[in-house]
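One structure is given here, and the rest of the page talks about it.
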Amino acid sequence: MADPREHVLTGTRGALCVLEWPNERPRYVAVVVHGYGEHAGRYAGVARVLVAHGAAVYGPDHVGHGRSAGERVVVEDFEDVVTDVHTAVGAARSAHPGLPLVLIGHSMGGLVAARYAQRHGGLAALVLSGPVIGDWRLPGRLLALDEIPDTPISPAALSRDPAVGASYAADPLVWHGPMKRPTVEAFARTLRTVEEGGGAGGVPVLWLHGTDDRLVPLPGSRPGVERLGGAGVTERIYPGARHEVFHETNRDEVLADLTGFLDTVLPR
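Below, the structure written as structure tokens:
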């Protein structure tokens, strides 16, 4: 697979960095929406599989994340992030007009992808990995405190593969500090917005989650996914897996489930 290309677009809060993993003859476009505190470059392994499967893959770094502009991990309004994803989608569609669009959102990116589906539609498929959606109680607990504690995400919570945690801990583009109050407040607002925003317009939804996800517990996500996708949800729950199922010890199984699902929903 060719090295990713970096595009710098105009985002809602300044420069928006978008990675592209190119495919000379794609049959669909996949846009990867990363999670809190990380960046699109962490999804190179997912992109490699999707390119081999026939996708041109794009991944924006959200405001305050990765190489995009903004104070680190400050998201004042997730509607801006949804708009930035739409900008990246526009660039992808301009390069590959007429191809089906798949949106893949992990964790916080699942919240953004869900809201994107509500606002914009036009998806051939929506994939949610450990999505922050439904009854996620962390924002309420943090906002009840006078001061948000300086407790960064534990690398061990991401995967049973210790190499994943080590790479995360050493990554200079990953945020290793505390959550910031404006972002926590924006999480709380957008969880309510998505809950009240209806379904995803009948788009097929694939939900991937680990049973040992301690960052976004599976039971809390379930009602949000079911409200969003209705009868069109395919779920794959992985016993013992932690938060980042795409980086788990059974990642080959997870990625095979992803491409198998896409084979059932994309036009041939």
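Residues in the sequence shown are numbered consecutively from 312, following this note's numbering. Ideal Cβ placement from N, Cα and C applies to all residues, glycine included.
When the alpha-carbon of Thr-398 is set against those of Gly-531, Pro-371, Phe-389, Asp-563, the nearest one is in Pro-371. Fully contained in the region 352-430 are the following alpha helix (DSSP H) runs of length 4 or more, in chain order: 355-364, 389-406, 419-430.
For Gly-375, same chain residues with a beta-carbon under 7 Å away, outside a window of 5 residues either side, are Gly-381, Glu-382, Arg-383, Val-384, Val-385, Val-386 in chain order. DSSP lists Leu-439, Glu-546 as the bridge partner or partners of Trp-518. Pairing Tyr-369 with Val-342, the inter-Cα distance amounts to about 5 Å. For Gly-377, the closest alpha carbon among the candidates Asp-395, Val-400, Ala-351 is that of Ala-351. At least 9 Å separates the beta-carbon of Arg-353 from that of Ala-468.
Taken atom to atom, the span from the alpha-carbon of Thr-462 to that of Ala-497 is near 19 Å. Rounded to the nearest angstrom, the gap between the Cα atoms of Val-340 and Asp-457 is 44 Å.
Secondary structure of Val-485 (DSSP, three-state): coil.
The three-state reading of DSSP puts Arg-452 in helix, counting H, G and I together. Boundaries around Ala-326 are those of the beta strand (DSSP E), 325-332, since no alpha helix (DSSP H) includes it.
When Cβ pairs closer than 8 Å are counted between the two stretches, the region 540-554 is seen to touch the region 565-576, the count reaching three or more. Close CB contacts of Gly-432 within its chain, under the 6 Å cut and outside five residues either way in sequence, are with Gly-512 (chain order). Separation of the CB atoms of Phe-389 and Leu-422 is rounded to 7 Å, and the pair is thereby assigned contact status at 8 Å. In the three-state DSSP reduction, Thr-560 falls in the coil class, being neither helix nor strand.
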